[in-house]
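In this text, residue positions in the sequence shown follow our numbering: the first is 129, and each later residue adds one.
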Amino acid sequence: MSSSEMWKNKLLSKKLLKHVPFFHPFTDEELDDLLIENDFFTTVETGKTLIEVGTEYDKDLFILIKGEVQITDQNGEHITYLKSGEIFGEISFLTKGCHITNVVALCDLVIFQITNNIFDKVSKDLQLRIKDGLILTLVTKLENTNKELVAKDRSNLALLNKVRELTGG
129 MSSSEMWKNK LLSKKLLKHV PFFHPFTDEE LDDLLIENDF FTTVETGKTL
179 IEVGTEYDKD LFILIKGEVQ ITDQNGEHIT YLKSGEIFGE ISFLTKGCHI
229 TNVVALCDLV IFQITNNIFD KVSKDLQLRI KDGLILTLVT KLENTNKELV
279 AKDRSNLALL NKVRELTGG
């Protein structure tokens, strides 16, 4: 690939990342630093498992550019779906621990993958920005989960009160 083609590819890559909410606060210079490798994006075929519960390999961070994935638990039970612009693999990326969910492509995907190799090559300031973004992402997911749990608890309490009312208990 010529240097002109590489420059155009990097420019297009930067534009794609600017559309992902996670990267909105990043400067052009930070994105340039992040795009230090030539193979920024990966395509994944429908049905491919990207992450498997308990595995210790591929502790990479994945940003879904195009497509949809399903997240399941260790028993294959549905947890949620993620769509374009969302992130997965962030817990193992941060903790270097085993994966706690499965991630399967529901259609052909385009993903941006931050490997540990790429992460180690960027500046310490950029590493901190990425980690701060991941912390914010995780806190947001936790807040949403808490809201869902509170709503379910209220619904269960209302149902229990209704049963008590009907049974005289």
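For every residue, glycine included, the Cβ atom is placed at its ideal position computed from N, Cα and C.
For Leu192, count neighbouring C-beta atoms within 10 Å of its own C-beta (all shown protein chains included) and say buried if the count is 16 or more, exposed if not. buried
Inspect the CB distances between the segment 156-171 and the segment 218-234 and report whether three or more fall short of 8 angstroms. no
Using the Cα positions of Thr183 and Asn245, report the straight-line distance between them to the nearest angstrom. Distance between the alpha carbons of Thr183 and Asn245: 18 angstroms.
Give me the DSSP bridge partner(s) of Gln241. Phe190
To the nearest angstrom, report how far apart Thr170 and Phe240 are at their CA atoms. 6 angstroms
Nearest candidate by alpha-carbon position, reference His227, set Lys142, Glu214 and Ile199: Ile199
Measure the alpha-carbon distance for Asp186 versus Leu288 and round it to whole angstroms. 45 angstroms
Taking 7 angstroms as the limit between beta carbons, can you name the residues of its chain near Lys249, skipping five residues before and five after? Ile164
Given that a residue counts as buried once 16 or more other Cβ atoms are within 10 Å of its Cβ, and exposed if not, what is Asn272? The residue is exposed, with fewer than 16 neighbouring Cβ atoms inside 10 Å.
Taking just the CA atoms, how far does Gly261 sit from Asp161? 16 angstroms
Check for me: the alpha helix (DSSP H) holding Phe221 runs from which residue to which? Glu218 to Thr223
Quick check: what's the CA-CA separation for Leu139 versus Ile179? 29 angstroms
Throw me the rounded Cβ distance for the Gly217 and Phe190 pair, which I believe falls under 8 angstroms. 5 angstroms
Could you name the residues that DSSP lists as bridge partners for Gln198? Tyr209 and Val232
Whole-number beta carbon distance between Ile215 and Phe151, since they are thought to touch under 8 angstroms: Incorrect: roughly 10 angstroms between the Cβ atoms, too far for contact.
Within the continuous alpha helix (DSSP H) that includes Ile258, where are the two ends? Lys252 to Thr295
How long is the line joining the alpha carbons of Glu205 and Ala279, rounded to whole angstroms? Taking the straight line joining both Cα atoms gives about 21 angstroms.
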